[in-house]
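In the working numbering, the protein residues as written are 157 to 301.
Glycine is no exception: its CB is placed at the ideal position from the N, C-alpha and C atoms.
Below is one structure, written out as structure tokens; the observations come after it.
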């Protein structure tokens, strides 16, 4: 059974399954996160949706690069969680199945390729507090103890 964080599914909403891959990216005592500014500022673990026909690891590499500008290496799966949410950028109610990985930020290749994102290096304790959803906070707190 995969643990659920956040809101309970609402009656009357048709939720679309949206699998995604996200990463904890520690380096030199800091954690690389992304701030998504639209529709409002939200600190997140870098990652995102797995496209149809795409496997989780290629999606993880693609999404981390798009949101941070960094390449990564040695991803290791830590677990998964579900959350039910409205995604205004897609105008849909989603059942997000979030696969969480630990990976090493390897090299900054440029600025985030995805508009409205900024890469930030935070102290892990600050990151645990700042992350915008309970599932991300859970995995970050569990890793950093």
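Nearest to residue 260 by CA position, among 180, 168, 164, 166, is which residue? Here residue 260 corresponds to residue number 104 of the chain shown, with the count starting at 1. Residue 180 is the option with its Cα nearest to residue 260.
Taking a contact to mean a Cβ-Cβ separation below 9 Å, would you say residue 182 touches residue 267 in this structure? Within the chain shown, residue 182 is the residue found at index 26, counting from 1. Within the chain shown, residue 267 is the residue found at index 111, counting from 1. It is not a contact, given that the beta carbons lie outside the stated cut-off.
Three or more C-beta pairs under 8 Å: does that hold for the stretch 214 to 223 against the stretch 232 to 248? When C-beta atoms of the stretch 214 to 223 are compared with those of the stretch 232 to 248, fewer than three pairs fall below 8 Å, so the two segments do not count as touching.
Kindly list the residues whose CB is nearer than 7 Å to the CB of residue 289, restricted to its own chain and excluding five residues on each side of it in sequence; keep chain order. Taking the first residue of the chain shown as position 1, residue 289 is located at position 133. Excluding residues within five positions, the ones whose Cβ falls inside 7 Å are 161, 162, 239.
Within the stretch 163 to 250, ranges of the alpha helix (DSSP H) (whole runs, at least 4 residues): Here the runs fully enclosed are 212 to 224.
Near residue 276, what residues of its chain come up, given a Cβ to Cβ distance below 8 Å and the 5 sequence neighbours on each side ignored? Counting from 1 along the chain shown, the entry for residue 276 is found at position 120. Counting only residues of its own chain and dropping the five nearest sequence neighbours on each side, residue 276 has a CB closer than 8 Å to the CB of 188, 189, 190, 191, 199.
Bridge partners for residue 278 per DSSP, in chain order? As a first step, residue 278 is located in the chain shown; it is residue number 122 there, counting from the start. According to DSSP, which records beta bridges pairwise, residue 278 is partnered with 187.
Rounded to whole angstroms, what is the Cα-Cα separation between residue 170 and residue 257? Here residue 170 corresponds to residue number 14 of the chain shown, with the count starting at 1. Here residue 257 corresponds to residue number 101 of the chain shown, with the count starting at 1. A straight-line Cα-Cα distance of about 28 Å links residue 170 and residue 257.
Whole angstroms are fine: how far does the CA of residue 203 sit from the CA of residue 175? Counting from one through the chain shown, the residue named residue 175 turns up at place 19. Counting from one through the chain shown, the residue named residue 203 turns up at place 47. Computed Cα separation, rounded: 11 Å.
To the nearest angstrom, how far is the alpha carbon of residue 291 from that of residue 246? Counted from its first residue, the chain shown places residue 291 at position 135. Counted from its first residue, the chain shown places residue 246 at position 90. One Cα belongs to residue 291, the other to residue 246, and the distance between them is close to 21 Å.
What does a CB cutoff of less than 7 Å around residue 165 pick up in its chain, not counting 5 residues either side in sequence? Translated into positions along the chain shown, residue 165 becomes position 9. Sequence-distant partners of residue 165 (beyond 5 residues in either direction) whose C-beta falls short of 7 Å from its own C-beta, in its chain, are 171, 240.
Would you report the Cα separation of residue 158 and residue 272, rounded to the nearest angstrom? Here residue 158 corresponds to residue number 2 of the chain shown, with the count starting at 1. Here residue 272 corresponds to residue number 116 of the chain shown, with the count starting at 1. Rounded to whole angstroms, the gap between the alpha carbons of residue 158 and residue 272 is 30 Å.
Which same chain residues end up closer than 8 Å to residue 250 when comparing Cβ atoms and leaving out the 5 residues on each side of it in sequence? Looking up residue 250 in the chain shown gives position 94. Excluding sequence neighbours, residue 250 sits near 171, 172, 173, 174, 240, 241, 242, 243.
Checking the sheet assignment: what are the DSSP bridge partners for residue 273? The count along the chain shown starts at 1 and reaches residue 273 at position 117. Note: residue 273 sits in a beta bridge opposite 192.
Which class does residue 265 belong to by DSSP, given the choice of helix, strand or coil? Counting from 1 along the chain shown, the entry for residue 265 is found at position 109. In the structure shown, residue 265 sits in coil (DSSP, three-state: anything other than H, G, I, E or B).
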